[in-house]
Structure formats: structure tokens, C-alpha cells
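Peer 1: A single structure is presented below for examination.
Residue numbers (the numbering used here): 96 to 454.
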């Protein structure tokens, strides 16, 4: 970062945030920072850039009298030096912000930026990878594991139908089962720690691993990514928590599903694009995969789930809410404020996006 920063440093927020959030940002250095939320002003643009269903789903729209005219909005964007934004966002944002030196995105998966003019740009961008909902997502994974071992989904289904069959419950102990985590990042590490607390055997893969090792906390064996299929042979549960990149597109393909010898349950809290749907559905139908909890699905920001998935009796889908909790938004904000302080002091930012790696 250049040591010659403007004073004041204009920080623009494009998220639906309360006034106290702006105050916390301002408190990083009141004498050097000017903070303004332009969320209400960009809301009308979102419908031009994104499907209505997506905007309605994520934007939590509300009527407001605080919106600026387009001319005033563009003027404020042009004078901004720092951006804090979420999803969705105006796709043509960067070209309207010539003075921007840093953009922070309040989500972990930067595949959300594929369609924006930020992708591959020279502007320093950071994400909330490892900070935005890693623990809530991991708890959702554990909830799914317990749902399947204790067959709690049957209680929901049978209560709804008012027809109870105790013999349909194929319950099992969670302790002693083996979970395989694809992607030992912020989410994966939390899944590993919580799984160990349940007495599970924990296996994992990580892209940076060069060889197998049993020296990783809460992980019985870490495999290099290219040995994923070997790991899958031993899994009772498979958790997908890797980033979606060109390398991980359809990572769970026919060969991967064929490697699953123990008829595991599949839990996906990453992106739907990591799964080959055709191979997945075939494995569900054949019984090679016992069931699945999906918090994500392919093209989820553009269309409903694959009909063959949403109608499958052993598939349970939630609308990308595993990251939500009563406090995780503050964790992401703390990362932003910490990085803002680093910027002001000329220090290196945390979680800088590497466009080539895809995260």
C-alpha cells in the first residue's frame, strides 16, 4: 500500500448495516476516516445486474428515504478510497471508483466476484475467508452429522405426515465414525475440532499439503489434495469445505463417488459447483451415497435446485444459511477494522485475495 493516504480516507459501505457498524469503523481513527453507507442508493441497481429472486433473497430490501440521486451516488463512489461490500453488489462498481485503493468483501468465497469488474484487477482486495461464519458453518456440519446418525430428519418427516414408524430409524453412534473433510481451511479446521469432540476419526485434504501427515491438530491424517479419492474410501461422512476454483470444478465426480466404499453421507457447505450433479444423483439412486445435506447447489444464485435433487427423499437442502448466526457478522467486521488500522499504519493487509489461486 502507498504510505501517502488521503486525509480523510473515505470509506464507503455497501451493505445493509446499522449505524453502530459505521461508528465502529469510524472509531478506528476518527481524525483520519470518513465513513458513509451508500447501500440504500445502490439497491435499485441490483435488479439490473442480478436476478430478482437473488436480490430478494440476499438484499433484505426495505423502504428508505436515504437514497441519493444517481449523480450524487457516482460522485461519492468516485471519491471513495476504501470499500466494504457484500453480496449482491453492482457489477460495474470498480470502473466508477477511480480512487479506490482497497476493497474488502464480507464473504469467504470469491467466486461471488466472477461476474464483477473487480475480478483480476490491480486494486487490493481482501475477503472474509476463515472469518465470516467459519464456526457457524462448522456447527451446521455437525448438526447434519448428528441428524443422520440419530435419524432426526425422520422425526421431522414423520411429524409432518403424522405417521410414525420406529422401525424406520437406523440410528448409530457418531463416536467412532470417520469424517473426511475436503478443504482444511477455516471452516474445515473448525469441523475437525468439533468432530474430535464427538469422538470421531478425522481425515482431511488440503491443497498445500505435499504428503500425508498426522501432525495437524484435531486431524488423524491429512492427505494431499491429489489423494482425495484414497481418503474417501474410509469415510462415513464427507464434508466439502473447499473453495470453488477452476481446479475444484466438479471435484466430486464419478471417480470420486466410486471411491466411496462405506456409503457415506455427503455434506456440502462450499459451492454446488464442486459436485458433478449427474454422478451425485446416480450415486444417491444406487445407494453408494446414503444421503446428503446441501447448504449450496449448482447455479444457486441464478435458478432453483436441480429437480432431481430437491425431490430426492434422502437429500436435505437449506438456502445457503449455514454461515448465519447471532454474532458472526461482527467477526467479519472486526477483520475489516483490523485491516483498516493496518492500512493507516502502512502494514500488510490480512486475507489479500490471490486471483490466480482463486481465494
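Glycine is no exception: its CB is placed at the ideal position from the N, C-alpha and C atoms.
Bear in mind that the values here come from a model prediction, so they are computed numbers and not experimental data.
1. Who are the Cβ neighbours of residue 244 in its own chain at under 6 Å, not counting the five residues just before and after it?
2. Is residue 217 closer than 8 Å to residue 190 when the C-beta atoms are compared?
3. Considering just the uninterrupted stretch of the alpha helix (DSSP H) at residue 233, what are its terminal residues?
4. Cβ atoms of residue 316 and residue 309: under 8 Å apart, would you say?
5. DSSP beta-bridge partners for residue 129?
6. Run through the stretch 156 to 220 for me and flag every whole alpha helix (DSSP H) of 4 or more residues, listed as ranges in chain order.
7. Let me check one thing: in DSSP terms, what residues is residue 362 bridge-paired to?
8. Output needed for residue 229: all residues of its chain with C-beta closer than 6 Å, excluding positions within five of it in sequence on either side, in chain order.
9. Residue 226 by DSSP, collapsed to three states: which one?
10. DSSP on residue 343, reduced to helix/strand/coil?
11. In the stretch 273 to 327, which residue ranges form an unbroken alpha helix (DSSP H) of at least 4 residues, counting only runs that do not cross its ends?
12. Could you give the DSSP three-state label for residue 416: helix, strand or coil?
13. So, under 8 Å CB-CB, residue 418 and residue 227 are touching, yes? Tell me the CB distance rounded to an integer number of Å.
14. When you compare the stretch 325 to 334 with the stretch 352 to 361, are there three or more beta-carbon pairs, one atom per stretch, that lie closer than 8 Å?
15. Assign residue 277 to one of two classes, buried (16 or more other C-beta atoms within 10 Å of its C-beta) or exposed (fewer than that).
16. Answer yes if the stretch 126 to 139 comes into contact with the stretch 161 to 173, meaning at least three C-beta pairs across the two stretches below 8 Å, and no otherwise.
17. If you follow the alpha helix (DSSP H) that residue 454 is in, where does it begin and where does it stop?
18. Going by C-alpha distance, which of 454, 444, 148 is nearest residue 177?
19. From residue 197 to residue 111, what distance separates their C-alpha atoms?
20. Comparing alpha-carbon positions, which option in 291, 240, 225, 124 lies nearest residue 440?
21. Starting from residue 373, trace the alpha helix (DSSP H) in both directions and tell me its first and last residue.
22. Is residue 375 closer than 8 Å to residue 347 when the C-beta atoms are compared?
23. In three-state DSSP terms, what is residue 411?
24. Going by C-alpha to C-alpha distance, which of 219, 299, 100 sits closest to residue 275?
25. Of all the options 301, 408, 379, 366, which has the alpha carbon lying nearest to the alpha carbon of residue 394?
26. Who does residue 150 pair with in a DSSP beta bridge?
27. Just the Cα atoms here: how many angstroms apart are residue 400 and residue 428?
Peer 2: So, from the listed chains and residues:
1. The residues are 267, 269.
2. no
3. Residue 233 -> alpha helix (DSSP H) spans 229 to 244.
4. yes
5. 105
6. 165 to 173
7. 334, 388
8. For residue 229, same chain residues with a beta-carbon under 6 Å away, outside a window of 5 residues either side, are 281, 282, 285 in chain order.
9. coil
10. coil
11. 281 to 292, 323 to 327
12. coil
13. 6 Å
14. Contact between the stretch 325 to 334 and the stretch 352 to 361 is present, because at least three Cβ pairs lie under 8 Å.
15. buried
16. yes
17. Per DSSP, residue 454 belongs to no alpha helix (DSSP H) and is neither H nor E.
18. 444
19. 20 Å
20. 124
21. It spans 372 to 381 - the alpha helix (DSSP H) in which residue 373 sits, taken as one unbroken run.
22. yes
23. strand
24. 299
25. Residue 366 holds the alpha-carbon nearest to the alpha-carbon of residue 394 among 301, 408, 379, 366.
26. DSSP lists no bridge partner for residue 150.
27. 31 Å
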